[in-house]
Amino acid sequence: MSTEQIDEFLNGVRVGILSIPRDGVAPHATPVWYRYASDNSIWFMAAADSVKGRLLHEGLAVSFVVQDESPPYRYVSISGRIQSVAIADAEKDLRPLANIYLGEAGGEAYVQSYKDEQRDGASNRYTIAITKISPYGF
2 MSTEQIDEFL NGVRVGILSI PRDGVAPHAT PVWYRYASDN SIWFMAAADS VKGRLLHEGL
62 AVSFVVQDES PPYRYVSISG RIQSVAIADA EKDLRPLANI YLGEAGGEAY VQSYKDEQRD
122 GASNRYTIAI TKISPYGF
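In our numbering, the protein residues as written are 2 to 139.
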């Protein structure tokens with residue numbers, strides 16, 4: 002698989018599955034909206050008080066999988082570390098994600114509900130520095 006194919010696949014509109022290690026029990030696996038960046042990183046948002054938000058911190062090793070469920074089945078498995086944790090901004094961070102995953106009208110409604118519920122500042126933006134990419138089915 003070429004770098005261009007990986008970039009195209011990861012830049013598609015797909016939900017990623019984040020796997021977070023936990024001591025003494027199975028990892029916490031959860032779906033997330035994400036964006037892939039050309040600097041070999043992935044970022045996503047999560048509520049700071051959610052299970053994933055409480056588990057994630059800078060330096061933590063995580064796994065991330067992005068799949069295409071349509072035949073021919075293919076996926077990209079990613080290993081990396083949480084590079085940064087920052088307070089998310091509804092306009093800068095949430096709006097682009099919501100517009101990609103829900104379309105402009107759906108994204109606007111989602112961001113407005115987020116603001117109406119006074120959740121702006123209650124979520125973090127997490128960035129994964131990718132250390133390994135393993136493609137399958139390409």
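All C-beta atoms, glycine included, are put in the ideal place defined by N, C-alpha and C.
Subject >> Nearest candidate by alpha-carbon position, reference Tyr-76, set Glu-105, Val-66, Gln-84, Arg-82 >> reply: Considering only alpha carbons, the answer is Val-66.
**OP:** Classify Gly-17 as buried or exposed, calling it buried when 16 or more other Cβ atoms lie within 10 Å of its own Cβ.
**Re:** Classification of Gly-17: buried, given that the 10 Å Cβ count is 16 or more.
**OP:** Just confirm the distance between the C-beta atoms of Gly-104 and Arg-82, as a whole number of angstroms; I'd bet it's less than 8 Å.
**Re:** The Cβ separation is near 33 Å, so there is no contact.
Subject >> Bridge partners - Trp-44, DSSP secondary structure assignment >> reply: DSSP, once it has assigned bridges, lists Arg-36, Thr-128 as partnering Trp-44.
**OP:** Decide yes or no for the touch test of the stretch 116–128 against the stretch 38–46: beta carbon pairs closer than 8 Å, at least 3 of them.
**Re:** Short answer: they touch.
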